[in-house]
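Residue numbers (my numbering): 7 to 107.
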């Protein structure tokens, strides 16, 4: 599992992003649907993942490796910065890509 955290200099802790290892569908159309609609999870597993997201204020994604990737970086940036209440206020984003393995 991989986790991406975001906090502010004011002590705010924003919604964590978790990446879990899951097997993608072997059917390309279903695989694409799962990525677009269910963060990479199938229909049945998504019901439980969605409940966990709602209950614990977390975003959960799945991919073959359980590791962070470029697509997740875009999703994370969009989730946290696309609808800011004050988009005209500058932001300093310090991105640490440390691997503890």
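We put the CB at the ideal spot given by N, CA and C, even for glycine.
Query                                                                                                                                                     : Result
Give the range of the beta strand (DSSP E) segment to which residue 13 is assigned.                                                                       : First-last for residue 13: undefined, no H or E at that position.
For residue 51, does the three-state DSSP call read helix, strand or coil?                                                                                : helix
Under a Cβ-count criterion, where at least 16 other Cβ atoms within 10 Å of its own Cβ denotes burial, should residue 38 be classed as buried or exposed? : exposed
How many Å lie between residue 48 and residue 40 at the Cα?                                                                                               : 6 Å
With a 10 Å radius around its C-beta and 16 neighbouring C-beta atoms as the bar for buried, classify residue 76 as buried or exposed.                    : exposed
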